[in-house]
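One structure is given here, and the rest of the page talks about it.
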Amino acid sequence: MLAFVVFVLSYLIGSISFSYLITKKIKKIDIRKTGSGNAGATNTQRVLGTGWAVGVLLLDVLKGVVCILLARTVGLADWAVVTSGLCAIIGHDFPVYFGFKGGKGVATTIGVFLMIFPLDALLAGVIAILLIVMTRYVSLGSLIFLLFSPVFAWLISKGSWPVLVPAFLITALAFYQHRTNIVRLVHGNENKLGKSKKAI
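Residue numbers (this note's numbering): 1275 to 1474.
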């Protein structure tokens, strides 16, 4: 019962869309109807600029961190702690407060993965950042981070399957949310950071 309550709270926390709220406050527009249509940090950068995008990124990361801390504070089992993070990401992607249309969950996943397996996520993050710098494809770097974090936790840190299974479910959800980006990457017409308003 306690785990269920934490799952619901995590979903509700994840459903807070900072990109939507901040853009609505500053520009009086729905960020989901401009740029890429995605309620996340990358689209915030296109609409409001880098400073606000960094703020949204950090706040979205914090959602994942808070939900993991909440689950750990009440003493949930490891699998339930990771599942709480998954619920927060589902909330970000499908927020109950905003018609179930949100972002793609990358920033919140960063918070969750850093809390669950910090060293593996940091290593995956370094690789992802290098890829973004070299290619300017934010989506490619995001996908690499989303995949490599649990893979490194499995191969390098020898993580337990009760933790790895929900972690890989997080990755699967993220890949589903990035399906259109994946198609564009395969066809070589994905948008690059700073060059288009349609990307991720």
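C-beta: ideal position from N, C-alpha, C; glycine also. Small disclaimer: the values here were computed from a predicted structure and weren't measured.
* Asked: Roughly how many angstroms lie between the CA atoms of I1305 and F1281, to the nearest whole one?
  -> Looking at the two C-alpha atoms, the distance is approximately 27 Å.
* Asked: F1442 to F1449, Cα distance in whole Å?
  -> Rounded to the nearest angstrom, the two C-alpha atoms are 10 Å apart.
* Asked: Is L1405 helix, strand or coil when you go by DSSP?
  -> L1405 falls in the helix class under three-state DSSP.
* To do: Name the residue from N1465, M1275 and L1332 whose alpha carbon lies nearest to the alpha carbon of A1315.
  => Selected option, being the one with the closest Cα: L1332.
* By DSSP, does L1467 sit in helix, in strand, or in coil? -> In the three-state DSSP reduction, L1467 falls in the coil class, being neither helix nor strand.
* Three-state class that DSSP yields for I1296 in the structure shown -> Helix, per DSSP.
* Asked: Buried or exposed: which applies to M1389, given that a residue is buried once 16 or more other Cβ atoms fall within 10 Å of its Cβ?
  -> With a 10 Å radius around the Cβ and a threshold of 16 neighbouring Cβ atoms, M1389 comes out buried.
* **Simplified DSSP assignment, three categories, for N1455** => For N1455, the secondary structure class from DSSP, reduced to helix, strand or coil, is helix.
* To do: Name the two residues that bound the continuous alpha helix (DSSP H) containing F1368.
  => Counting along the chain, F1368 falls outside any alpha helix (DSSP H), and DSSP gives it neither H nor E.
* **Nearest-angstrom Cα separation, counted from I1444 out to D1334** => C-alpha separation (whole angstroms): 15 Å.
* **Which of helix, strand or coil DSSP assigns to Y1450** => In this structure, Y1450 counts as helix in the three-state DSSP scheme.
* To do: State the DSSP-derived secondary structure class of K1375, mapped to helix, strand or coil.
  => The three-state reading of DSSP puts K1375 in coil, since its state is none of H, G, I, E or B.
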